[in-house]
Amino acid sequence: MCKSREKNEYLISGIFFSVLVFGLLIILGTMNSGYHLIDDHEFYRYWNTISERGLWEAIKINVKGDLAIRYRPLYIILRTIGVAIFGTDTILWSICKATEITAALQIFYIFARKEISIFFSVVFAIMIMWGSQSEIWWRLGPQESFGMLLFAAALLSTYYLKEKNVWYNKVVFTVFLILLSLQKESFWVSVPWFGLLLFAYECKNKDDQNKGLCLKKFFKRHLPESMVVLAVFAMDMCMILFVVGTDKVSYAGYSSDLNWKFYVFQTWKNLVGECAPYILSLVIVILISYIGYHKKLLGKSCILQLAACMYLFLAELVIYAKSGMESRYLLPWVISVLYVVFILGYRFWTENSRMKVTIAGLSIVFILILGKDVIPKGIQFTEKGRNLQACVEFIIDNTSETDKAVAISRDGEIDYSFGVLMRDQYKYKYIDEIYEYETDLSRLQEADILFGKTGQVYYRLSEEAGLSLDNYDFYETKYYEVALKR
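Quick note on numbering: my numbering labels position 396 of the sequence shown as 486, and the sequence is numbered without any gaps.
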């Protein structure tokens, strides 16, 4: 492909992905849906730390605090710097996240175009972040949006290093893998995949098929960057195993309290759950490819790429054996499947027009199936944000900053996020969370403001606490409700 034509194609694809991402988010209304009771509390916590201690101290405090339970130092550093730049403005943060998604899609497309057609490159890029994992398009907390941008950049840099073994490609490849390893545990464990992929690429020539020549060639060409990445990977592993630990978070990691049967069962649930459509697509493509199978196409390089994808497939399943693999946790696992389906599978059916049309049709069907919940979930996200804002406005209009507010949803993140919002944004002085009413009944009786999920406030007051509802004014939305003491 000539340079000018290539640039024009990439410009068009960039515009397409920008319109897709920003257009969908604007239509769904997620970009201006306001504060949400999930990860958004970090904005206010980090902003307060920056205001009190300065940016550099805030970075050190936040990283140190997070290392007590997780290993994602790059995410925390960038999150803190982002708060220093964007503050607590959720619209600016939404634009930032949408830009990350758009850039990741574009880079995945550029990589795929090195191997396959325009149509299948678009499908490859979209299917990676389409489906239940598309929640990272609008949620402002998950590490996967920037993580997938780094993953895409690392993948493309792997290709360029294979094509041209020069020092600047080595540096770019090394830097992206180091950054990727520091973003989140699921991305850290993906780092060896790129090394395995690069090794597989070195075995493409027929002369390298025997006598270990591809292994010798690999170490001769890539020893320095391989050693650096391996050293960083090993250092990260030591940090996770001996400093952070693997059982600090209740919903993730590994715990000695759970036996191996639990993890085997959970892994099986993952495979037959949200992983199933991708595995089904893999099986279908393998069957179709078998029809058009030619032994000459299945060389050592192809087998090694399959082995690399098998590593990523299994490694991500292990990482999420406890928490379950759904929504954003499918990333970057899905690439282990989609790489085989499109990048490797393409060569087996590209010369057969009937197979090509069949795969194209099935791809569209899978995109529709995977995307059936995207719009409803985006709308739900928007409604939750606006419902929360309506409840907050009701509270502000009818109470004062000295009134005692209590969050009683019994969802730790919702209650905590509500407390942060009322305390840091609206300067309410008395914020509480109540989980056990037998011991905290007096605090519940003293509260002037009660907030929770719709139906819960009414139920907790009347059924669990036995308080008279005549003493409260209620305000109810689809997702949240408020009770104010008269």
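Note that CB positions come from ideal geometry on N, CA and C, so glycine has one too.
Beta-carbon proximity of residue i to residue j, cut-off 9 Å
i, j, result
"Y368", "V455", "no"
"W283", "A405", "yes"
"V354", "Q395", "no"
"L407", "T357", "yes"
"E315", "V279", "no"
"D522", "V482", "no"
"K453", "V213", "Looking at the sequence shown, residue 453 is not Lys but Ser. Closer than 9 Å, so yes."
"Q233", "F277", "yes"
"E503", "K568", "no"
"M217", "M238", "no"
"I393", "F438", "no"
"L168", "F236", "yes"
"L540", "L574", "yes"
"Y436", "S207", "yes"
"L534", "Y548", "no"
"E292", "F308", "yes"
"D538", "D493", "yes"
Collapsed DSSP secondary structure at residue i in the structure displayed
i, result
"L168", "helix"
"Y548", "helix"
"Y249", "helix"
"Y516", "coil"
"H131", "helix"
"P232", "coil"
"L458", "helix"
"L272", "coil"
"A193", "helix"
"N255", "coil"
"M238", "helix"
"Y569", "coil"
"F106", "helix"
"L557", "coil"
"H126", "coil"
"E491", "coil"
"M327", "helix"
"D179", "coil"
"M219", "coil"
"D505", "helix"
"G285", "helix"
"S94", "helix"
"R444", "helix"
"S141", "helix"
"C304", "helix"
"D156", "helix"
Cutoff 7 Å; reference residue i; Cβ partners in own chain excluding five residues on either side
i, result
"I181", "M121 and N122"
"F209", "A450"
"L361", "I369"
"F484", "Y565 and V572"
"D156", "R162 and I166"
"V173", "F133, Y136, W137 and I140"
"L288", "T248, L251, K252 and H312"
"S499", "D505, G542, K543 and Q546"
"V322", "I268 and S271"
"D179", "none"
"E364", "S222, M415, E416 and L420"
"G509", "A497, I521 and E523"
Bridge partners - residue i, DSSP secondary structure assignment
i, result
"L574", "I539 and D563"
"V419", "Position check: residue 419 holds Tyr in this sequence, whereas Val was assumed. For Y419, which the question treats as bridged, DSSP gives no partner whatsoever."
"V523", "Residue 523 is actually Glu in this sequence, not Val. Its beta-bridge partners are A497."
For residue j and residue i, believed in contact at Cβ under 8 Å, the rounded distance
i, j, result
"A244", "S391", "19 Å between Cβ atoms; not a contact."
"S211", "Y199", "5 Å"
"A397", "L286", "7 Å"
"V111", "W227", "6 Å"
"Y570", "N488", "No, Y570 and N488 are not in contact; Cβ-Cβ is about 16 Å, not under 8 Å."
Cβ-based neighbour list, residue i, same chain, cut-off 6 Å, excluding 5 preceding and 5 following
i, result
"E579", "Since the displayed the chain opens at 91 and closes at 576, residue 579 lies outside it and no answer follows."
"H126", "G475"
"L272", "P163 and L164"
"V464", "S224"
"D129", "G231"
"A194", "M238, L239 and A242"
Any non-hydrogen atom of the ligand MG within 8 Å of residue i CB
i, result
"F309", "Among the ligands in the structure shown, none appear at all, so the ligand MG cannot be discussed."
Residues near residue i by beta carbon distance below 8 Å, same chain, minus five either side
i, result
"L101", "none"
"Q515", "Y125, Y134 and T178"
"G104", "T192 and Q196"
"V424", "M217, I218, Q223 and Y368"
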